[in-house]
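Same order as they appear, the protein sequences are chains A and B. Under this note's numbering, the first residue of the first sequence carries the number 538, and numbering increases by one thereafter. Under this note's numbering, the first residue of the second sequence carries the number 11, and numbering increases by one thereafter. The next block holds one structure in the form of C-alpha cells; read it before the comments.
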Amino acid sequence: GENVEQHPSTLSVQEGDSAVIKCTYSDSASNYFPWYKQELGKGPQLIIDIRSNVGEKKDQRIAVTLNKTAKHFSLHITETQPEDSAVYFCAALQVGPYSGGSNYKLTFGKGTLLTVNP
Amino acid sequence: EAQVTQNPRYLITVTGKKLTVTCSQNMNHEYMSWYRQDPGRGLRQIYYSMNVEVTDKGDVPEGYKVSRKEKRNFPLILESPSPNQTSLYFCASSFRPSTNSPLHFGNGTRLTVT
C-alpha cells in the first residue's frame, strides 16, 4: 500500500519567515495530494491541494509543489503569522479495489507541528 | 451550515463496556470514513463507506464495527473496548475524496478506555 513520509515533525519559525514542509509518497499511481491544517481541538481542514498533472499551485501565502518523478510534494507558507501555528498533514490519494470493493483512500503523513513565534 | 457532527466530544469508559460514537453529515455526501489519530502515527483509517449499506475495512479495523443504514449517519461501534483503543477519533465525509470533493472532518471524539 501507499506510504507517506512527512518532514520535519516539528518546525519553529519567526513571524514573517517562510516555512516549508516536505512529503514523499511511494505509490506512483497516487494522483491527488491535499494538505490539511489541524488547530487545537478541531478536526483537520483542507487548505490546499494539487493534482498530479500540475506542478505547482498557489493560494495567497500558501503554495504546493509536486515532483512526480521524485514522488515528493511540499507545502510552502510565506510571511508566516502566529495564526499559522497548527499541525499540518500531507496526504496522498489512491483509488482502487480494496477488500473486494473500491476505496478512495487517503494515506496521511504523520504531521508537522508548526510554531510561529511573534 | 455544512458540517460533520460527532458525538460525544469526550468519552471515558471502562474495558468491555460497549459504546457507540455517532457521526452525521448534512452535505448529502456518499463517502464517509472513520480515522483514529495517535501521537506520532498521524491519521489511520478504521472503516469507510462508499454509500448506504456499503462498508469496508480500512487499515486498522480490529475491534471496531460500523453501519451505514442512512446516507447521513455513520456510527462507530466498539463492542468491547480495550485500553489500546484510547485515541482521538475523527469522522470524515465527501462526495468522493478528490480534488473536486475534499474530505470534511468532524471535530473529533477523544476516547479514554480504562
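Ideal Cβ positions, reconstructed from N, Cα and C, are used throughout, including at glycine.
Within-8 Å CB hit, residue i to chain B
| i | result |
| --- | --- |
| A/PHE626 | yes |
| A/GLY638 | Low per-residue confidence applies at A/GLY638: pLDDT is 47, beneath 50, and the placement is therefore not dependable, though the value from the model is reported in the following sentence. At least one chain B Cβ lies under 8 Å of A/GLY638. |
| A/LYS579 | yes |
| A/LYS647 | yes |
| A/TYR635 | A caution first: A/TYR635 carries a pLDDT of 48, below 50, which makes its placement in the model too unreliable to give a value. |
Closer than 8 Å at the beta carbon, the chain A residues around residue i
| i | result |
| --- | --- |
| B/PRO112 | PRO571, LEU583 and ASP586 |
| B/TYR125 | Here chain B covers residues 11 to 124 and nothing more, so residue 125 of chain B does not appear. |
Nearest neighbour of residue i, chosen from the options [CA to CA]
| i | options | result |
| --- | --- | --- |
| B/GLY50 | A/THR649, A/VAL653, A/ASN654 and A/PRO655 | A/THR649 |
| A/PRO655 | A/GLN631, A/GLU620 and A/ILE599 | A/GLU620 |
| A/HIS609 | A/SER546, A/SER555, A/SER563 and A/THR615 | A/SER563 |
| A/ASN540 | A/CYS560, A/THR615 and A/ASP554 | A/CYS560 |
| A/LEU606 | A/PRO581, A/SER549 and A/SER589 | Reading off the sequence shown, one finds Thr at residue 606 of chain A, where the question assumed Leu. The option with the nearest alpha carbon to A/THR606 is A/SER589. |
| A/LEU643 | A/VAL601, A/VAL624, A/GLU593 and A/TYR573 | A/TYR573 |
| B/LEU21 | B/HIS114, B/SER103, B/GLN95 and B/ARG82 | B/GLN95 |
| A/GLN618 | A/THR652, A/GLU593, A/TYR625 and A/VAL591 | A/THR652 |
| B/LEU121 | B/PHE115, B/SER104 and B/TYR99 | B/TYR99 |
| B/SER59 | B/VAL14, B/ALA102, B/LYS27 and B/PRO93 | B/ALA102 |
| B/ASN61 | B/THR119, B/GLN16, B/PHE105 and B/ALA12 | B/PHE105 |
| B/GLY73 | B/LYS81, B/LYS79 and B/ARG46 | B/ARG46 |
| A/HIS544 | A/GLN551, A/LEU630, A/TYR641 and A/PHE626 | A/PHE626 |
| A/GLU616 | A/ALA556, A/PHE645, A/THR547 and A/SER567 | A/ALA556 |
Residue i CB to nearest heavy atom of the ligand MG below 7 Å
| i | result |
| --- | --- |
| A/ASN540 | Among the components of this structure there are no ligands whatsoever, and the ligand MG is therefore not found. |
Neighbour list for residue i in chain B, Cβ cutoff strictly below 7 Å
| i | result |
| --- | --- |
| A/LYS642 | GLN55 |
Closer than 8 Å to chain A by CB, residue i
| i | result |
| --- | --- |
| B/GLY116 | yes |
| B/GLY26 | no |
| B/ARG51 | yes |
Chain A contact residues for residue i, given Cβ-Cβ distances below 7 Å
| i | result |
| --- | --- |
| B/TYR41 | TYR641 |
Entirely enclosed alpha helix (DSSP H) segments - the region 591 to 655 of chain A, minimum 4 residues: Taking only runs of at least 4 residues, no alpha helix (DSSP H) segment lies wholly in the region 591 to 655 of chain A.
Under 8 Å (Cβ pairs) to chain A, residues found in the region 90 to 101 of chain B: The region 90 to 101 of chain B vs chain A, Cβ under 8 Å: PHE100.
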